[in-house]
Amino acid sequence: MKQLIIITNSLTALLLLSGCGSSKTVAPSQNSALNSISKSTAATEKKGAMQSSLDTWLQTEWEPTIHKDKEIQKKYMKKVENNTTNNIVSQKATNDKKEVSSKVSYVEKKDRPFTLQEYVDKAKAYMSAKPNDYEHSNVKKVESLPVIGK
């Protein structure tokens with residue numbers, strides 16, 4: 007009797023589990039009920055306000071300041087020379103003269119991993135180029151706020 011109960015329980019469990027394993031599931035991208043509530047492309051359609059302000063700060067403040075520092079240029083960037091040719095026509099003679107000027111610019115090296123030391127060096131260069139002004143910062147305001155819990 008005991009063996010009959012064990013056999014019937016195991017057959018029932020086997021039947022239920024094999025039935026669940028063979029049923030087709032619907033991928034989340036094909037689930038119309040889920041897509042009507044939340045689309046999977048909603049996050050990639052537009053950037054948020056914080057991300058766009060960070061991107062503009064990086065382009066206008068961080069990168070130009072970092073690219074001017076000599077130590078950063080030597081350690082983390084490679085030198086690129088841009089040669090430009092200007093044609094100069096003299097008024098007395100019809101001979102064309104060419105003037106070649108070269109501008110040196112520095113570009114990030116792409117073939118190496120970003121390290122924490124690189125970020126520390128760049129932050130140090132940025133802080134030395136743009137010192138913090140205590141009078142115009144929010145430090146006094148934050149220090150004057152009441153402390154919760156005292």
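Under the numbering used here, the final residue of the sequence shown carries the number 156; numbering is consecutive throughout.
C-beta atoms are modelled at their ideal positions from N, C-alpha and C, and glycine is treated no differently.
Just grab the DSSP bridge partners of residue i for me.
i, result
"P114", "The question names Pro, but residue 114 is Glu in the sequence shown. E114 is bridged to M83."
"N144", "Beta-bridge pairing links N144 to no other residue."
Starting from residue i, trace the alpha helix (DSSP H) both ways and give me its first and last residue.
i, result
"T71", "E69 to K74"
"M133", "L122 to A135"
"T62", "A55 to W63"
"E40", "A small fix is needed here, since residue 40 is Leu in this sequence, not Glu. Segment S38 to I43, the alpha helix (DSSP H) holding L40."
Classify residue i: buried if its beta carbon has 16 or more other beta carbons within 10 angstroms, exposed otherwise.
i, result
"S96", "Reliability of the predicted coordinates at S96 is poor, the pLDDT of 47 falling under 50, and the value obtained from them is presented with this limitation in mind. Per the 10 Å Cβ criterion, exposed."
"L23", "exposed"
"A131", "buried"
"I72", "buried"
"V148", "exposed"
"K52", "exposed"
"K128", "buried"
"D117", "exposed"
"D61", "exposed"
TODO: Would you check if there are 3 or more beta carbon pairs closer than 8 Å linking the region 139–146 to the region 73–81?
DONE: No, because fewer than three Cβ pairs between the region 139–146 and the region 73–81 fall closer than 8 Å, the two stretches do not touch.
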